[in-house]
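Engineer: What follows is a single structure, and I will ask about it in a moment.
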Amino acid sequence: MKTAVIVFPGSNCDRDMAVALEQVTGRAPAMVWHRETELPGGVDFIALPGGFSYGDYLRSGAMAARSPILRAVSDAAGRGVPVLGVCNGFQVLTEAQLLPGALMRNAGLNFVCRSVALTVENSQSLFTASYDAGETIHIPVAHHDGNYFADAGTLDRIEGEGRVAFRYADAVNGSARDIAGVLNDAGNVLGMMPHPERAIDRAHGGTDGLRLFEAALGVLA
Amino acid sequence: MKVNVYVTLKPGVLDPQGKAIHHALEGLGFGGVADVRAGRFIELDVADDTSDAELDAMCAKLLANMVIENYRIERP
């Protein structure tokens, strides 16, 4: 299993993501700088990490979504390669229009940094197959711009298509319908504000995030 | 040529920053404010022959996020 982590100027969870991928696959991921125009050959999982790419200039994720490597990521996503965007990575995926909606400033204007309870809404996707539908899991969030917005028609459509992967069990940031994670229409791109890579070791306080990587990377426990 | 671009949140999109500014204005004793919406102003210095279509493309592709924002271009 060959994995890659895309690194932007201002990414700060790229190392945590690499640790998670290596822990699950036994192999260190390729760290791919945003200026690259191609992914390493044969990559079968791509992660866009959290952080503050380009200092959140213009809008969170806006500049990163227009960086050269995103064209390659978009092509790979179109071929069905799994792409996981966490936090800033989720913002980048919406800005790149690989996922619907947008992530706005938290409703309370506060940076929210704590473990939150999530409800698994879709347990059929390649990322969530290790969870039970309706299961409550605990994963940390750390963000300022996690307030998911999409128009009502889009929300109805993605809900109807089972593309809401996770929902906050309690309101966290003002997100429409408490949406915490969204899948693309093909189901191979997942964006989520909570950080599964920060819940892969008992010392983290929980391992609910590990199961996402185990499912997505084909090493179901 | 200097071109002014105003990026504003679409009607109906909640604006937490506008709300906070509104609240702060009230805290300063300015009671007559019904609502506040915060946006972004971008000044472009472009070639004189830049077309409206090019400016529109700049706004739609980068300067505004069309999911949540509208833009208005003001040419000299």
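Protein chains in written order, with this note's numbering: chain A, 421 to 641; chain B, 10 to 85.
No residue lacks a Cβ here, since even glycine has one placed at the ideal position from N, Cα and C.
Since we're looking at a predicted model, the values are computed, not measured.
Counting only beta-carbon atoms, is Gln74 (chain B) nearer than 7 angstroms to chain A?
Structural biologist: Gln is not the amino acid found at residue 74 (chain B); the sequence shown has Asn there. For Asn74 (chain B), the answer is yes, since a Cβ of chain A falls inside 7 angstroms of its Cβ.
Engineer: Using a Cβ-Cβ cutoff of 9 angstroms, what residues of the segment 500 to 516 of chain A are near chain B? List them in chain order.
Structural biologist: So the close ones are Thr514, Glu515.
Engineer: List the residues of chain B whose Cβ lies closer than 8 angstroms to the Cβ of Met613 (chain A), in chain order.
Structural biologist: In chain order: nothing, as chain B lies at least about 16 angstroms away.
Engineer: In or out: Asn530 (chain A) buried (at least 16 other Cβ within 10 Å) or exposed?
Structural biologist: Asn530 (chain A) is exposed by the Cβ-count criterion.
Engineer: Would you please verify whether the beta carbon of Leu603 (chain A) is less than 7 angstroms from any beta carbon of chain B?
Structural biologist: Leu603 (chain A) does not count as touching chain B.
Engineer: Can you pull the chain B neighbours of Phe569 (chain A), defined as C-beta to C-beta under 9 angstroms?
Structural biologist: Those within 9 angstroms of Phe569 (chain A) in chain B are Val22, Leu23, Val76, Ile77.
Engineer: Alpha carbon to alpha carbon, what distance is there between Gly509 (chain A) and Ala641 (chain A)?
Structural biologist: Here the model assigns Ala641 (chain A) a pLDDT of 43, short of 50, so the residue's position is not dependable and the matter cannot be decided.
Engineer: Note down, in chain order, every chain A residue with its Cβ under 8 angstroms from the Cβ of Leu71 (chain B).
Structural biologist: Under the 8 angstroms cutoff, chain A gives Leu478, Ala482, Arg486.
Engineer: Ser431 (chain A) lies in the beta strand (DSSP E); which residues open and close that run?
Structural biologist: Neither: Ser431 (chain A) is in no beta strand (DSSP E) and is coded neither H nor E.
Engineer: Taking a Cβ distance cut-off of 7 angstroms, strictly less, list which residues of the segment 43 to 67 of chain B are near chain A, in chain order.
Structural biologist: Of all residues in the segment 43 to 67 of chain B, none has a Cβ within less than 7 angstroms of some Cβ in chain A.
Engineer: Compare the C-beta of Ala641 (chain A) against all C-beta atoms of chain B and say whether one is closer than 7 angstroms.
Structural biologist: A caution first: Ala641 (chain A) carries a pLDDT of 43, below 50, which makes its placement in the model too unreliable to give a value.
Engineer: Can you give the beta carbon distance from Ala619 (chain A) to Gly611 (chain A), rounded, assuming they're within the 8 angstroms contact cut?
Structural biologist: Not a contact, Cβ separation roughly 17 angstroms.
Engineer: Measuring alpha carbon to alpha carbon, tell me which of A:Thr457, A:Gly638, A:Ala448 ends up nearest Ala549 (chain A).
Structural biologist: When each option's Cα is compared against that of Ala549 (chain A), the closest is A:Gly638.
Engineer: Anything in chain B within Cβ reach of Gly521 (chain A), meaning under 7 angstroms, just list it in chain order.
Structural biologist: The answer, in chain order, is Val76.
Engineer: Under 8 angstroms between beta-carbons, which chain B residues line up against Ala527 (chain A)? List them in chain order, please.
Structural biologist: Leu23, Pro25, listed in chain order.
Engineer: Taking CB distances under 7 angstroms as the criterion, tell me whether Ala29 (chain B) reaches chain A.
Structural biologist: Yes, Ala29 (chain B) counts as interfacial toward chain A.
Engineer: Could you check what DSSP says for His615 (chain A) in three-state terms: helix, strand or coil?
Structural biologist: His615 (chain A) falls in the coil class under three-state DSSP.
Engineer: Give me the DSSP bridge partner(s) of His563 (chain A).
Structural biologist: Beta-bridge pairing links His563 (chain A) to A:Val532.
Engineer: Let me check understanding here. Comparing Cα to Cα, which of A:Tyr477, A:Ile559, A:Phe465 lies closest to Gly500 (chain A)?
Structural biologist: Among A:Tyr477, A:Ile559, A:Phe465, the Cα nearest to that of Gly500 (chain A) is on A:Phe465.
Engineer: Who pairs with Glu83 (chain B) in a beta bridge, going by DSSP?
Structural biologist: Bridge partners of Glu83 (chain B): B:Asn13.
Engineer: Within 10 Å of its beta-carbon, does Gly505 (chain A) have 16 or more other beta-carbons around it, so buried, or fewer, so exposed?
Structural biologist: Classification for Gly505 (chain A): buried.
Engineer: If you follow the alpha helix (DSSP H) that Phe510 (chain A) is in, where does it begin and where does it stop?
Structural biologist: Residues 508 to 515.
Engineer: Leaving out five residues on either side along the sequence, give the residues of the same chain with a beta carbon under 7 angstroms from the beta carbon of Tyr568 (chain A).
Structural biologist: Gly521, Leu523, Ser595, Ala596, Ile599.
Engineer: What does the alpha-carbon distance come out to for the pair Ala438 (chain A) and Pro85 (chain B)?
Structural biologist: If I take the Cα positions, the gap works out to 50 angstroms.
Engineer: Show which residues of chain B have a CB atom less than 7 angstroms away from the CB atom of Met524 (chain A).
Structural biologist: The answer, in chain order, is Ile77.
Engineer: By Cβ distance below 7 angstroms, which residues in the same chain neighbour Ala47 (chain B) in space, the five residues on each side in sequence not counted?
Structural biologist: Only Asp24, Gln26, Gly27, Ile30 meet the Cβ criterion.
Engineer: Tell me whether Ala62 (chain B) sits in a helix, a strand or coil according to DSSP, three-state version.
Structural biologist: Of the three classes helix, strand and coil, the one that applies to Ala62 (chain B) here is helix, per DSSP.
Engineer: Could you give the DSSP three-state label for Tyr568 (chain A): helix, strand or coil?
Structural biologist: Note: Tyr568 (chain A) maps to strand in three-state DSSP.
Engineer: Just to confirm, are Leu468 (chain A) and Val540 (chain A) a CB contact at a threshold of 7 angstroms?
Structural biologist: No, Cβ-Cβ distance for Leu468 (chain A) and Val540 (chain A) is not below 7 angstroms.
Engineer: Could you tell me how far apart the beta carbons of Thr514 (chain A) and Gly481 (chain A) are, in whole angstroms, since I believe they sit closer than 8 angstroms?
Structural biologist: The Cβ separation is near 7 angstroms, so the contact holds.
Engineer: What three-state label does DSSP hand Glu78 (chain B) in the structure shown?
Structural biologist: Glu78 (chain B) falls in the strand class under three-state DSSP.
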